[in-house]
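For reference, the structure discussed in these notes is given below.
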Amino acid sequence: GASPDSCTTSSHRKNDLPIHGVSETIVGVLGGGQLGRMLCQAASQMAIKVIVLDPVENCPAGALSHCHVVGSYDDSVTVEEFAKRCSVLTFEIEHVNVETLEKLEQRGLDVQPKASTIQIIQDKYLQKVHFSHHGIPLPKFMKIDDPVSAKKAGDLFGYPFMIKSKRLAYDGRGNAVAKREEEISSAVQTLGGYDHGLYVEQWAPFVKELAVIVARGRDESILCYPVVETIHRENICHIVKAPANVPLKIRKLATDVAYKAVSSLEGAGVFAVELFLTEDGQILLNEVAPRPHNSGHHTIESCFTSQYEQHLRAILGLQLGDPSMKTQAAIMYNILGEDEVKYILRCELSPLESQLENKFIKADFSETVTLQLKDGFLETYHGEPGFLLAHQLIGRALGISGATVHWYDKPEMRKQRKMGHITMVGPSMAIVETRLKLMLNPKLLDGH
Ligand code: ATP
Ligand code: MG
Ligand code: MG
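Okay, here's the thing in structure tokens:
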């Protein structure tokens, strides 16, 4: 982490022309993951200083921030100390301490979006109640406290249904499906039991998942980004296609629902609205994120104003930028972590294996490697070590026109962890899809 010294800012630069008047403004961000990292990248371009609070010493945003304070964004004392140094406080994660934010707001700190918004959103059940009060279409839902209420949900909604944790959910961790009554108890178990705070959602029979990034300025002006399609793999966002290939009528409806949802919340910033499109052309809201979002990564390369720049403009009270696309089509592909790399490092190091310690491997490996562990821990390992795979993917992307690589530099790879992403842009969706296929299937590149 940065020492107090390295975090001191000199505010006496000579001949400093305050072009947008914010270059001495300090934006504080709670959380230092990839979203924070990309926020720092946008901030650097506009000479806006971002300081981040994150407990992980070498978190993705740390190295690119003006200053990284190592500490918990859920600890009130730490957040209060951090807030003293901020002109405006914002988030890249909603799982923060709301009581502290409310206290800080009452003391006059500029928190964007508002603590009330974070409070509604961080509890998914409360979020559903809020949006249903505002007339937003949602899958049916109800709170469950015990086996009797869970069974009642099954009787009312039918099977399968989705059981969700009210709090601390991300990347599908916090969701469990009950396909029939007998599965309720094991599904509840995997989520930590009834005391953990659970609710049930009716199954949304979606044909596509859509998302809309909505930006709201301090003057309450609202701009919507083009509707995108999100494709999930095991509950994790994996591919985003922009724009979504749906009829204009659906795009309008999705945008209207997203606009209405964000209008019901307080504060400035960008918000991501996740939606389900059903077979009969209905749009149902899944959830809202009060921050930049995975479904908006593509905007860095494909829109006139990226969601990250837009978030900064919004919270700082600058004019919002044009959210429309400057390229015909874009696809974002998430690089998800594979098996634990530590496993591999515990093996007897041969020349091949020793290179795995290095993130960037020079040798040309086959798709699958077999490793033998020495300590009897595991005899052989068949598979595709994650970094190796990521490296190969990145290597191929570098050779494809219209592809841009984003590597988050996370300290560790874990299975299903978002490690980086690649955005492809091009003159049509068909061309971008072909480019994606080329990247994913090297045999096509080699001409085999
Ligand atoms: P995120 O990383 O987006 O915050 P999360 O952990 O909050 O994810 P959800 O967005 O609630 O999880 O759900 C993850 C995915 O699970 C959805 O994108 C969708 O594919 C599926 N899903 C969620 N709710 C339902 C539902 N009611 N019916 C059918 N599928 C659902
Ligand atoms: Mg979520
Ligand atoms: Mg979600």
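Residue numbers (full-length UniProt numbering): 64 to 511.
All residues carry an ideal CB built from backbone N, CA and C; glycine is no exception.
Which residue marks the beginning of the alpha helix (DSSP H) containing residue i, and which one marks its end?
{"i": "L254", "result": "Run containing L254: none; DSSP gives neither H nor E here."}
{"i": "C103", "result": "Q97 to Q108"}
{"i": "L316", "result": "L311 to S326"}
{"i": "K206", "result": "Careful: K206 lies outside any alpha helix (DSSP H), inside the beta strand (DSSP E) at F204 to I207."}
{"i": "I181", "result": "A178 to Q185"}
{"i": "D234", "result": "No alpha helix (DSSP H) contains D234, which DSSP labels as neither H nor E."}
{"i": "residue 522", "result": "Residue coverage of the chain in this structure runs from 64 to 511, which leaves residue 522 outside it and unanswerable."}
Quick one: what does DSSP say residue i is sitting in, helix, strand or coil?
{"i": "R459", "result": "helix"}
{"i": "G260", "result": "coil"}
{"i": "Q479", "result": "coil"}
{"i": "C136", "result": "With the sequence shown as reference, residue 136 is identified as Tyr, and Cys is not the correct amino acid for it. Reduced to three states, the DSSP call for Y136 is coil."}
{"i": "P281", "result": "At residue 281 the sequence reads Arg, which differs from the Pro that was named. Correct three-state label for R281: coil."}
{"i": "M502", "result": "helix"}
{"i": "N357", "result": "helix"}
{"i": "D173", "result": "strand"}
{"i": "L452", "result": "helix"}
{"i": "G344", "result": "coil"}
{"i": "F367", "result": "coil"}
{"i": "H301", "result": "strand"}
{"i": "L167", "result": "helix"}
{"i": "V495", "result": "helix"}
{"i": "K191", "result": "helix"}
With residue i as the anchor, note down where its beta strand (DSSP E) starts and where it stops.
{"i": "M388", "result": "Where M388 is concerned, there is no enclosing beta strand (DSSP E), given that its DSSP letter is neither H nor E."}
{"i": "residue 512", "result": "The requested residue 512 is not part of the displayed model; the chain covers only 64 to 511."}
{"i": "R296", "result": "V291 to R296"}
{"i": "I89", "result": "I89 to L93"}
Give the C-beta separation of residue i and residue j to the nearest angstrom, bearing in mind that I take them to be a contact with Cβ-Cβ under 8 Å.
{"i": "D347", "j": "L201", "result": "It should be noted that the sequence gives Leu, not Asp, for residue 347. Confirmed, about 6 Å."}
{"i": "V336", "j": "V270", "result": "The pair is not a contact, with the Cβ atoms about 18 Å apart (cut-off 8 Å)."}
{"i": "A393", "j": "V495", "result": "7 Å"}
{"i": "L399", "j": "I299", "result": "6 Å"}
{"i": "E350", "j": "Q479", "result": "The Cβ separation is near 19 Å, so there is no contact."}
{"i": "P223", "j": "V211", "result": "Contact doesn't hold; Cβ gap of about 20 Å is too wide."}
{"i": "G489", "j": "T390", "result": "7 Å"}
Using CA coordinates, which residue listed in the options is at the minimum distance from residue i?
{"i": "D472", "options": "L167, D117, R148 and N121", "result": "N121"}
{"i": "C130", "options": "F224, C103, T362 and E272", "result": "C103"}
{"i": "Q252", "options": "W266, S228 and G235", "result": "S228"}
{"i": "L219", "options": "G489, A232, F204 and D208", "result": "F204"}
{"i": "S107", "options": "E87, P176, V119 and L116", "result": "E87"}
{"i": "P254", "options": "L116, I226 and Y136", "result": "In the sequence as displayed, the identity of residue 254 is Leu instead of Pro. Among L116, I226 and Y136, the Cα nearest to that of L254 is on I226."}
{"i": "W266", "options": "A216, P123 and M388", "result": "A216"}
{"i": "V142", "options": "V174, K323 and H361", "result": "V174"}
{"i": "K191", "options": "G359, L503 and S327", "result": "S327"}
{"i": "S464", "options": "S135, W470, R498 and H484", "result": "R498"}
Is residue i close to chain B? Criterion is C-beta to C-beta, closer than 9 Å.
{"i": "L116", "result": "Absent from the structure is chain B; it holds one protein chain and no more."}
Query raised in the report: Does the segment 350-366 come close enough to the segment 294-313 to have 3 or more Cβ pairs within less than 8 Å?
Result: yes
Report task. Answer yes if the segment 90-108 comes into contact with the segment 149-167, meaning at least three C-beta pairs across the two stretches below 8 Å, and no otherwise. Result -> Judged by pairs of C-beta atoms under 8 Å, the segment 149-167 touches the segment 90-108, as three or more such pairs exist.
Query raised in the report: Within the chosen definition, does the segment 187-206 reach the segment 258-269 through at least 3 CB pairs nearer than 8 Å?
Result: yes
**Report entry** the segment 317-326 / the segment 276-290 touching (three or more Cβ pairs under 8 Å)
**Finding:** yes
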